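To start, the structure itself, in C-alpha cells.
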Amino acid sequence: MSATLLATRALEARYGDFQALFGVDLEAREGEVVAIIGANGAGKSTLLKTIAGLLRAPREAVRFGGEPIGGLRAGEIARRGIALVPEGRRLFASLSVEENLRMGAQCGRRGPWDLQAVFELFPALRDRSGAPATSLSGGQQQMVAIGRALMANPRLLMCDEISLGLAPIVVKGIYDALSAIAAGGLTAIIVEQDVGLARLVSHRLLCLQEGRVALSGPSDGFSREDISRAYFGAAAEAGR
Amino acid sequence: MIGWLDTVVQGILLGSLYALFAMGLALVFGVMRLTNVAHGDLVVLAGFAAIALAGQLGLGPLAAFACLLPLAAASGYALQRYVLNDTLGRDPLPSLVVTFGLSIVIQNVLQEIFSADPRSLSAGEIATASVRLVEGVTVGVLPLATFIAALLVAVALQWLFARTAAGCAFRATSDDRETAELMGLDARVVYASATAIAFMLIAVAGVLQAMRTTVAPADGPGLLLYAFEAVVIGGLGSFWGTFAGGLLLGVTQAIGFRLDPGWGIWLGHVVFLAVLLVRPQGLFPRTR
Amino acid sequence: MSAATFSVERGGAASRIAGIVALIAIAFLCTAPWWAESGWMREFNEMACYLIFAMMWNLLAGYGGMVSIGQQAYLGLGGYTLVALGNFTGMNPFLAVPLGAIAAMAAAYPISRIAFRLQGGHFAIGTWVIAEVLRLTVANISAIGGGSGTSLIALRGIEKATRESITFWMCLASVVASVALVHWFLRSRQGLALLAIRDSEVASESQGVDVAQTKLWVYLVAAFGCGLAGALYYLGNLRISPDSAFSVNWTAFSIFIVMVGGIATVEGPIIGVIVFYLLNRLFSDYGTWYLVGLGLLAILVTTRFPQGIWGIVSARFELHLFPVQRRLTRPPDHGMAPTPRDR
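Pasting the structure below:
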C-alpha cells in the first residue's frame, strides 16, 4: 500500500456567491492514477483548480506530501510539485511551442523531464518547436500542454479533459503516452468525460455530482448501473 | 523642395521623441492592458527631477540621468505593485480614475514646487550644435541623439520581448495571467517589473525633452496624447510599429506647422483620427 | 408544489418619502429669485451645470461601461453654439439653450463613428483627443474670439434681475428634468438593456439586445446633457473661451463628483456635487493644494471605497431613493424573504 500523496478533506469551493464544491474528500496515493468523472458542471474542473491553487482553499483542506497547501498561491504549489494541464489547454498564444514548454520549467524543479525528453515522448512537436503554439492541430496542442506540465517535473500531474475536441485515434495516442508516464511512477489525477476511457486508464475512480462525491473506489469495482446512478444522481432513477 | 525635405527630416527627429514617449505606454498596455493617464505627467516629472538633481548636486545632464534611472525604476515598481495592480481587471474604470487622479496630483505638486514656468535642463554645447546632412538640411546634434536613442530603445524592447526569458514571462502573463501563475510566475511581480522598465523609458524621454526644449507642469496631457497617438497609429503589439507611429506623427505635425503654425498640432490629431477611421488596427499591427 | 404568485416591486417607502421631500424642495427653490442673493443663485447655477455634466459622465461610465475623458467636447459645443447663435443671429439666448444641446447631440453622431473604434482605456484617451481637436479648431476661428474667447452680448439688453431669474429657473428646471429623465431611462427596458451590456456585452447580444444601438443612444443622450450644461453655464457666465469651455477639468471634477458620491447610482452624483461644493467653499483658496487633495481623494475612494458615499449608505441601510431595480417578491406565507440583490 503506497503512501498518500494528495488528500483533500471536506473541500469546499466558491465562485463568488455560487458554491461549486461541497465537502469533497479525495485521495491519491503515490504511483496511482485517479480518474474523476461527472456530468458538466459537476465540479470536476473546480476541484483540480482548487488543488492547483487557482481557487482559495482553507489551509488544512488540501494536504500534499503530508504538508497543508490550502491557500498557497498557484506558483508556490507548482514549485512543490503539482502540475495542471488546464481545461482547454490554455497555451500561451504569443509564444512558440518551445517557449510554451520552457514556461513549464519556470518553477525550477529538477527531474527527468526536459525539452529533449518531451520531444522524445511527442516526436511530432520537435519539427514544429519554433511555430506559434496555437497554430498546431488540436491533438498537437494537447501534447504541448501536457509537455509543458511535465517540464515542471511534478510529483503529481493533473489533467483536465484532455480528450475534449480530439479525434479518437489522437486521444488513444495521448493516453498511451500518459500510461507510459504513469507506469514510470508519476501520480496522476485525470478528469475525463469518457467514462469507459476513464475506467480503463485509472486505478481508482471518483464520481462527482453537483459538487459532491457520489462514488469513490477501485475503477473495476463498479457496475455500469452504479456509475450511471452516481453520474446522474438518484433523480435519474426516479425517472423525473 | 529642399524646404520640404528639411521639414520632413525635422518631423522625423521630432517624431522620434514622440516614439520615445510612446514606448513606455506601449509596453505597459501590451503587458497588462493598463492605460496610464498620468504617463505624460510622469515624463514631465522625470524632466523636472533631472533638473532638480542637476541643480542640487551640480551634475551634468548625463550624470543627473544616471541618478534618475534607478529612482525611476524603483518608483515605477512600487507604484505598480502597491497601487496600480489592484486597479487591473476587466473594468477599465479604476485604473483610469486612479491614474487620472495621479495626473492631477503630479501637475499641481510640480506647480507648487517649481511654479508654472517652463524650465529646461542645460545640455551645454550639444544643445546648439548641429550637423549638416545635405545642402539646406541641418540637424541638431541633440535631436539626432534622440532619434538614435529611440531607435536603440525600439531594438532593445523588441529583443527583450522576443529573445529573453523576461520577455517570455511578459508575453505569457499578458496572454493568460491565470495559466502564467500556474507555471510559477507571480503576476504581481511581472506587472511591477514591466512598469519599472516603462518608468526607465519615461526617464529617458523626460531628460531628452527637458534638454531639447522645456518642461512645464501643465505639459503632461499634451505629451500623453502624442504618445497615445503614436501607439495607435503604429498598431498594437509591435514596438517597431510604435516607432513608426511616432515618426509619422512628428512628420505630420511638422508639415502642419509649416503650413500654418496654429494648425500644427491640430493636423497631428486629425491624421490620428483619420487613421483610426480608415485603419483602426493601426499601420503595423501584430496579430496574435 | 403549489402555484406561487410573484409580484414585481419598483419602489419602497423611502423613495416615496424622498419624492415628496424633493417636490417640496423644488417648489421652495422656485421662489429663490425673490429672496436669494444673486451670488448664491450664480453658485447654484454653476453647481447645477456640474451636476448635469457629472450625471452624463455617470450614465456613460457607470451604466454604459464607456469611460470618456472627452465629454467637455460637447460642453464646449453647447456653450459656443449658444454664444454664436446669440451674437450672430440675434436669437434670444434663452431660446438658444436647447439648440446648444441639440447641436452637441448632432455632433456626437459622427464623432461616435470614430470614437467607437476604440475600447476601454483607448476609448477614454481617444475622446480626449477629439475634445482637443475641437478646442484647437475653435481657438483658430477668430470670428468667435479665437484663443482668447468672446462674450455673450445678446443678453445686454435685458435687465439684470430678470436675466438672473430666468437663468436660475432654467438651471433648476434642467437639473430636475435631467435627474428625472435619467431615473426614468434606467427604469425602462432600454435602461435594463444598458445594465446588461455593462455586465456582459456578449451575453446581452445573445439575448437580443442591440448593443451597438444602445451604446450609441446613450452616447447621444450624454452629449445632449453635456451640451445643455455648457449652454446653461455660459448663459450665466457671459464670457466663453476655448480653454475654459473645452477644459478637461470639467471631466476631472465630474469624475471626482461621481466617484465620491457613488458611481452607477442616481443619488450618487447629487451627493457628490454637494460634497464638491462644500470642499470648494472651504478649501479652494488653497489653490494647487486643494486640487492635489481632490486628486488624492479620488484615488483613495476608487481604491478603498469604490461604491462611493451613496453606495456605502445604500448598502448599509438598504436605502434606495431612486429605485432602479425590479424586486421579485412573494407573498410572505411561504416563509421566504425577498432578497434584493445589489446592482
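Chains as they are written, first to last, in my numbering: chain A, 198 to 437; chain B, 1193 to 1480; chain C, 191 to 533. For glycine and all other residues, C-beta sits at the position ideal for the given N, C-alpha and C. The structure displayed is predicted, hence computed values, not measured ones.
Can you grab the Cα-Cα spacing for the pair residue i / residue j, in whole Å?
i        : j        : result
E358(A)  : V1462(B) : 51 Å
A298(C)  : Y409(C)  : 7 Å
I1340(B) : G1207(B) : 12 Å
R260(A)  : F319(A)  : 32 Å
W1196(B) : L1416(B) : 28 Å
G525(C)  : W359(C)  : Low confidence applies to G525(C): its pLDDT is 43, below 50, so where it sits in the model is not reliable, and the reading given next is rough at best. Cα to Cα, the separation comes out at about 51 Å.
V221(A)  : G408(A)  : 8 Å
S368(C)  : R307(C)  : 28 Å
R353(C)  : M245(C)  : 26 Å
M300(A)  : G1376(B) : 9 Å
V1236(B) : D1411(B) : 7 Å
L469(C)  : E236(C)  : 15 Å
I162(C)  : Y253(C)  : As shown, chain C starts at 191 and ends at 533. That puts residue 162(C) outside it, with no answer to give.
L353(A)  : G278(A)  : 6 Å
T1406(B) : S1430(B) : 30 Å
F284(C)  : M256(C)  : 32 Å
F221(C)  : L509(C)  : Per the sequence presented here, residue 221(C) reads as Thr, with Phe not at that position. Approximately 30 Å, taken between the alpha carbons.
M1193(B) : G1203(B) : 15 Å
E224(A)  : A377(A)  : 22 Å
A212(C)  : P513(C)  : 15 Å
L383(A)  : A1386(B) : 37 Å
T529(C)  : R1282(B) : In this prediction, T529(C) has a pLDDT of 45, which is less than 50 and means its spatial position is unreliable; nothing more can be read from the coordinates.
Q338(A)  : G285(A)  : 10 Å
G336(C)  : L326(C)  : 9 Å
So, with DSSP's three-state summary, where would you put residue i?
i        : result
L208(A)  : strand
A226(C)  : coil
Q261(C)  : coil
A280(A)  : strand
I387(A)  : strand
D324(A)  : coil
M245(C)  : helix
L412(A)  : strand
P528(C)  : Any reading at P528(C) needs caution, since the residue's pLDDT is 47, under 50, leaving its predicted position unreliable; the model's value is listed next. Coil.
L518(C)  : strand
D400(C)  : coil
R1311(B) : strand
H510(C)  : coil
R1480(B) : Per-residue confidence for R1480(B) stands at a pLDDT of 43, beneath the threshold of 50, marking its modelled position as unreliable; no derived number is given.
T441(C)  : helix
Answer yes or no: do residue i and residue j have a C-beta to C-beta separation smaller than 8 Å?
i        : j        : result
A1238(B) : I1389(B) : no
L347(A)  : Y372(A)  : no
L403(A)  : V231(A)  : yes
N350(A)  : R396(A)  : no
G268(A)  : R256(A)  : yes
I489(C)  : N248(C)  : no
L218(A)  : L245(A)  : no
S143(C)  : A238(C)  : For chain C, the structure presents residues 191 to 533; residue 143(C) sits outside this window and is missing.
I1296(B) : A321(C)  : no
Q1299(B) : P1409(B) : yes
G498(C)  : V491(C)  : yes
G250(A)  : R276(A)  : no
L312(A)  : R325(A)  : no
A421(C)  : G269(C)  : yes
List the whole-angstrom C-beta distance separating residue i from residue j, where the pair is believed to meet the contact cut-off of C-beta under 8 Å.
i        : j        : result
F1213(B) : A1419(B) : 4 Å
M1403(B) : A1315(B) : 4 Å
To which residues does DSSP link residue i through a beta bridge?
i        : result
T340(C)  : I430(C)
I234(A)  : C404(A)
T201(A)  : R226(A)
Q216(A)  : R211(A)
M355(A)  : L281(A), I386(A)
G1332(B) : S1322(B)
E317(A)  : Bridge partners of E317(A): none, in fact.
R260(A)  : A204(A), P265(A)
P329(A)  : S293(A)
V221(A)  : L208(A)
V1407(B) : R1311(B)
Please find out if some non-hydrogen atom of the ligand ADP comes closer than 7 Å to the beta-carbon of residue i.
i       : result
M340(A) : With respect to the ligand ADP, the structure shown offers nothing to examine, as it has no ligands at all.
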